Ligand code: SF4
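This is the structure we're talking about:
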């Protein structure tokens, strides 16, 4: 293991509380993002690490945040965690060191057997994100490369063992996809999933499979219609929102919010007397508080509820993601500290309208120019900040005339790694050089 790789791994653990187990996967999903990467991007397979190395790595975990397994957060490719044969042993090691920290595991579920699940039960608090995708064996075989249906049994076993889990489905457009989606959502609803996420597939310009390119509006309507018929919260991601009202999109069955009597469609106005400014704000304020007093509106009538829960424990409230006001405050602090009077803020295509609207609404006196960056490097429908490249930023900023009109460019930190390089290895400093304007990452 070379030092640079080990540093990258330690950064992943210490910055994101992610413990990477393996880049290998036993599936071959048609929508897997690892297959659609253009040449020249810097992503890394995780080298094999001994149990001893994992033991050392556990010192870098923040015990005040949940520990994440199987989710990509840096340039390290995440595969199926249970492809690593000693994954359960590593989980036991984590639990021994961090006794009460929640562990969240994302898995395709195909390699978990009853023995593994009974060990997981002893390691609670654990939450599983089960990427189930589809029920029908023929569809699983054709589109996931899964020869069996073990993942379906895993959902049932998790439910029987009362291990909390969320189901997820990547939506793609094969024949009868609407029926399959309905069947899978209904199965997850009846099999005890806390929430069901339907994911609109991202694809790059290299994607040749037309089934992956679903129409978002059509998918939204199908998911919305199915969601109305079941009690488990069903959320389509990425979400499209037109306002920042903290309207509840779902409540997990038997959760603290459910027991408090909060319902889908209620709007949260204040938490512990503090007005909320977005869904993310409401979610975070409730999450952070012990027994928060929540002021809501239902059918135009205000009312109050106390949600009995511990600090940082889940309330069971489900919202679509809109905007994080703390991130917006970090932008404002960067502008203030630079004494900028004509700031430009770089945004992804996906977040552009929300960030533009929020900043203009809450900070009109700053006269912020919001720059939407088209992702030409990946192409397709890739529109998130994490995959933005320096070249794309320079091109869009030039189009918006940033070099002439702005005295500061604020860019999303998430587009860069811990050394300040984008996914193609270019340093963020190149933006400042090309535009002749200082830049700040937030
Ligand atoms: S299960 Fe996940 S990592 Fe494995 S092929 Fe499918 S999408 Fe890729």
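Numbering (this note's numbering), first residue to last: 6 to 447. Just so it is clear, CB atoms sit at the ideal spot from N, CA and C, and this is done for glycine as well. Since the model is a prediction, treat every value here as computed from it, not as a measurement.
{"Check": "If the criterion is Cβ atoms closer than 8 Å, does the pair residue 328 and residue 285 meet it?", "Outcome": "yes"}
{"Check": "Which of helix, strand or coil does DSSP assign to residue 255?", "Outcome": "strand"}
{"Check": "Output yes or no for whether 8 Å exceeds the beta carbon distance between residue 347 and residue 408.", "Outcome": "no"}
{"Check": "What residue ranges within the region 91-177 form continuous alpha helix (DSSP H) runs of no fewer than 4 residues, ordered along the chain?", "Outcome": "92-102, 119-127, 142-149 and 155-165"}
{"Check": "Counting pairs of beta carbons, one from the region 108-123 and one from the region 77-89, are three or more of them closer than 8 Å?", "Outcome": "yes"}
{"Check": "Under 8 Å between the Cβ atoms of residue 178 and residue 140?", "Outcome": "no"}
{"Check": "So, at 7 Å on beta carbons, what are the nonlocal neighbours of residue 356 in its own chain, with the 5 sequence-adjacent residues on each side left out?", "Outcome": "390"}
{"Check": "Take the Cβ of residue 386 as the centre, count every other Cβ of all protein chains shown within 10 Å, and call the residue buried at 16 or more, exposed below.", "Outcome": "buried"}
{"Check": "Candidates 252, 11, 439 and 246: which alpha carbon is nearest residue 303's?", "Outcome": "252"}
{"Check": "Out of 132, 114 and 211, which has the shortest C-alpha to C-alpha gap to residue 448?", "Outcome": "Nothing about residue 448 can be read from this structure; the chain reaches only from 6 to 447."}
{"Check": "Enumerated in chain order, which unbroken segments of the beta strand (DSSP E) with a length of 3 residues or greater are wholly contained in the region 215-280?", "Outcome": "239-242 and 272-276"}
{"Check": "Could you check if residue 404 is buried or exposed, using at least 16 other CB atoms within 10 Å of its CB as the buried criterion?", "Outcome": "exposed"}
{"Check": "Would the beta-carbon of residue 212 be found less than 7 Å away from any heavy atom of ligand 1?", "Outcome": "no"}
{"Check": "Could you have a look at residue 60 and say whether DSSP puts it in helix, strand or coil?", "Outcome": "helix"}
{"Check": "Report the three-state DSSP secondary structure of residue 211 (helix, strand or coil).", "Outcome": "coil"}
{"Check": "Between 15, 73, 21 and 30, which has its C-alpha nearest residue 58's C-alpha?", "Outcome": "15"}
{"Check": "Strictly by DSSP, which residues pair up with residue 18?", "Outcome": "Answer by DSSP bridge pairing: none, since residue 18 is not bridged."}
{"Check": "Three-state secondary structure (DSSP) at residue 346?", "Outcome": "coil"}
{"Check": "Just to confirm my understanding: we take residue 106, look at its own chain, exclude 5 residues before and 5 after, and list those with CB closer than 6 Å. What are they?", "Outcome": "68 and 72"}
{"Check": "For residue 36, which residues in the same chain have their Cβ closer than 7 Å to its Cβ, ignoring the five residues on either side in sequence?", "Outcome": "175, 177, 206 and 217"}
{"Check": "Can you list, in chain order, the stretches of the beta strand (DSSP E) that have 3 or more residues and sit fully within the region 280-338?", "Outcome": "298-303 and 306-311"}
{"Check": "Using a Cβ-Cβ cut-off of 8 Å, state whether residue 95 counts as contacting chain C.", "Outcome": "Reference to chain C is not applicable here, since this structure consists of a single protein chain."}
{"Check": "Which residues bound the alpha helix (DSSP H) around residue 366?", "Outcome": "357-367"}
{"Check": "Cα separation between residue 237 and residue 201?", "Outcome": "7 Å"}
{"Check": "How far does the alpha helix (DSSP H) with residue 23 in it reach, from first residue to last?", "Outcome": "Careful: residue 23 lies outside any alpha helix (DSSP H) and carries neither H nor E."}
{"Check": "In angstroms with no decimal places, state the Cα-to-Cα distance between residue 225 and residue 383.", "Outcome": "24 Å"}
{"Check": "Pair every Cβ in the region 355-372 with every Cβ in the region 392-406, then say whether three or more of these pairs are closer than 8 Å.", "Outcome": "no"}
{"Check": "Going by the DSSP bridge assignment, what does residue 205 pair with across the sheet?", "Outcome": "176"}
{"Check": "Looking at the structure shown, is residue 409 part of a helix, part of a strand, or coil, going by DSSP?", "Outcome": "helix"}
{"Check": "Checking the sheet assignment: what are the DSSP bridge partners for residue 73?", "Outcome": "23 and 109"}
{"Check": "Specify, as a first and last residue, the run of the alpha helix (DSSP H) that residue 436 falls within.", "Outcome": "434-440"}
{"Check": "Using CA coordinates, which residue listed in 429, 160, 419 and 427 is at the minimum distance from residue 78?", "Outcome": "419"}
{"Check": "Taking 7 Å as the cut-off, is the C-beta of residue 61 nearer than that to any heavy atom in ligand 1?", "Outcome": "no"}
{"Check": "Quick check: the region 315-327 against the region 262-274, are at least 3 beta-carbon pairs closer than 8 Å?", "Outcome": "yes"}
{"Check": "Exposed or buried, which one is residue 222 when buried takes at least 16 other CB atoms within 10 Å?", "Outcome": "exposed"}
{"Check": "Using a Cβ-Cβ cutoff of less than 6 Å, which residues in the same chain neighbour residue 169 once the five nearest sequence positions on both sides are dropped?", "Outcome": "132 and 199"}
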